[in-house]
Structures are given as structure tokens and as C-alpha cells.
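Per full-length UniProt numbering, numbering of the sequence shown is gapless, rising by one per residue and ending at 82.
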Amino acid sequence: MCCYSSAICVATFVRGTDEDKCILRRNIVRYIVLTQALVLRDISLQVRKRFPTPSTLVAAGLLTKEENEILEDIHDPYNRYW
């Protein structure tokens, strides 16, 4: 639910109709939804079944292949999104 209010704020404060502004708004909201999906994968069985691997996040359009490669290159003992 928090994604909706965040998306409205992004649409309100990132003004403009040119392509760059549209891409910026789309990416910000995509990052918000991606963050929510990554967090919920750890606490929700339904979300874990929907997105069992990072490649399913790529297939769903929440993560690009390049971003997935960057995340896979991170090697630390902690969660990657905190």
C-alpha cells in the first residue's frame, strides 16, 4: 500500500512531460516497488513463491539485467537492500 502514496508524491513533485522526466518518474516508482518486493520476499511466502529468484524480478520488469548483475556482484554477510 505504501507504494501508491509514494507514487503520487513522485508524480506530484517530479514535474514535466518530456521523456526524461517520465523515465525518471518510472524508475523511481520501479525502485520503490522493487524495494518492497525484496523486503516482502523475506517475510511473505506468497511473494517468495512469486519471486523466488532475482531472474523472476527481471522477468517482471522490477529489475534490469544490469542492476541484477550489480546486486549479484555484492558479496557481504548482510542483506543487500538495507
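Even for Gly, the Cβ is constructed at its ideal location relative to N, Cα and C. This one's a predicted model, so the numbers in the text were calculated from it and none came from an experiment.
Where does the unbroken alpha helix (DSSP H) through Tyr31 begin, and where does it stop? DSSP places Tyr31 in the uninterrupted alpha helix (DSSP H) bounded by 19–43.
In three-state terms, what does DSSP make of Phe13?
-> Phe13: helix per DSSP, three-state reduction.
At what residues does the alpha helix (DSSP H) containing Ile70 begin and finish? Looking at the DSSP string, the run of the alpha helix (DSSP H) that includes Ile70 is 65–73.
Self-check item: Three-state secondary structure assigned by DSSP to Ala60
Solution: Coil, per DSSP.
- Is it true that the stretch 42–55 meets the stretch 5–20, where meeting means three or more beta-carbon pairs spaced less than 8 angstroms apart? Not touching, per the Cβ criterion.
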